[in-house]
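**Q**
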Ligand code: FES
Ligand SMILES: [Fe+2]
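In our numbering, the protein residues as written are 113 to 459.
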């Protein structure tokens, strides 16, 4: 997949909000080097990391007031990209500015709009569980050497938990219960409801569920690569917890870095034991282990895809349908962007 194939007129998670403090952060998003910084007023700025003077990294410099000062010759730029100061009181030439990207902070993440169209906040995911008083999030980040769509495939097919996550997320009912998939507009909804099945290590450890359980995996995917997963379990047949009620919710943002690398931002939030650090530690340990296992299998999968000269296509079975559907929607939106020349307002 080439960079021309990334959707442009979309939001991508560029950072966790807590990553951006006084020091500018350099990051590559969709093959573009950017610098993310926070002015003294607390607001986020994102500029091309390529200084328009001599193309040195702006991120090598520092924040001065609400501006960023390039670390090479000290030229300053505001978060709108306008040049604020050239040392030696040299007048700013017409049109001399850094490229600025629309960015905003929402639910504990910094979102970046990569295209030329007017940013559309209605396209942001509703990841409220990551900073809501009624939830406790356990966040994480992985840098993965694979195309981002392989990780979207991975999370949209949770059949793999049985085989990849034997000590954490595996359990009964997963392979013999079909995934119900529904496509509504540009979104994909999928669910797998399992009743009276063997428990899973994570539900044993977190909730003390040692016997048979009812269990569910409920997903929502939206472009370009946001996935909310509601995961829950109760004692089999219990009526005290409703069907579909979350034990925890995992919000996921898969941000392309390059064609073969991605930034994986996630947070696992629970609406119970809010101040119990032991529960948070347990989640952190188990989810870090599980997502590390995903990274390992997907990185090796990417290598084998790239070294395959047979021309054989990837095959899809019913449990792959939500991932295949997501790819189809991304391609349709990409074709629409290409037809518009990428400059008009997003739909
Ligand atoms: S390269 Fe940035 S100020 Fe010269
Ligand atoms: Fe996984």
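We put the CB at the ideal spot given by N, CA and C, even for glycine.
The structure presented is a predicted model; accordingly, all values stated were derived computationally and were not measured.
1) How long is the line joining the alpha carbons of residue 411 and residue 280, rounded to whole angstroms?
2) To which residues of the same chain is residue 345 closer than 8 angstroms at the C-beta, ignoring the five residues directly before and after it?
3) Spatial neighbours of residue 428 within its chain, please: CB distance less than 7 angstroms, with the 5 preceding and 5 following residues excluded, ordered by chain position.
4) When burial is assigned at 16 or more other CB atoms within 10 Å of the CB, is residue 180 buried or exposed?
5) Count the other CB atoms, across all protein chains shown, that sit within 10 Å of the CB of residue 285; report buried if there are 16 or more and exposed otherwise.
6) Indicate whether the contact test is met: 3 or more Cβ pairs, each with one atom in the region 250-261 and one in the region 370-379, closer than 8 angstroms.
7) Just mark residue 229 as buried or exposed, buried being the case when its beta carbon has 16 or more other beta carbons within 10 Å.
8) According to DSSP, residue 479 sits in a beta bridge with which residue or residues?
9) Could you tell me whether the Cβ atoms of residue 122 and residue 226 are closer together than 8 angstroms?
10) Verify whether the separation of the beta carbon atoms of residue 133 and residue 150 is less than 8 angstroms.
11) From which residue to which residue does the alpha helix (DSSP H) around residue 447 run?
12) Leaving out five residues before and five after residue 172 in sequence, what residues of the same chain have Cβ atoms less than 6 angstroms from its Cβ?
13) Under three-state DSSP, which class holds residue 125?
14) Check residue 260 in the structure and name its three-state DSSP category.
15) So, using beta-carbon positions, are residue 187 and residue 367 closer together than 8 angstroms?
16) Look at the alpha carbon of residue 215 and the alpha carbon of residue 158, and state the distance between them as a whole number of angstroms.
17) Could you pull out every residue in the same chain whose Cβ sits closer than 8 angstroms to the Cβ of residue 453, ignoring the five residues on either side in sequence?
18) May I have the straight-line CA-CA distance separating residue 446 from residue 250, to the nearest angstrom?
19) With a threshold of 8 angstroms between beta-carbons, can residue 342 be considered close to chain C, or not?
20) Taking a contact to mean a Cβ-Cβ separation below 8 angstroms, would you say residue 337 touches residue 274 in this structure?
21) Measuring alpha carbon to alpha carbon, tell me which of 175, 156, 146, 174 ends up nearest residue 162.
22) Going along the chain, which residues put their C-beta within less than 7 angstroms of some heavy atom in ligand 1?
23) Following a CB-centred definition, is residue 272 positioned closer than 7 angstroms to any heavy atom of ligand 2?
**A** Walking through what the data contain:
1) 20 angstroms
2) 311, 312, 315, 319, 321, 325, 326, 327, 328, 359
3) 436
4) buried
5) buried
6) yes
7) buried
8) Absent from the structure is residue 479, since the part of the chain shown begins at 113 and ends at 459.
9) yes
10) yes
11) 433-452
12) 183
13) strand
14) helix
15) no
16) 7 angstroms
17) none
18) 33 angstroms
19) Structure shown: chain C not included; a single protein chain is present.
20) no
21) 146
22) 163, 165, 166, 167, 168, 170, 182, 184, 185, 186, 187
23) yes
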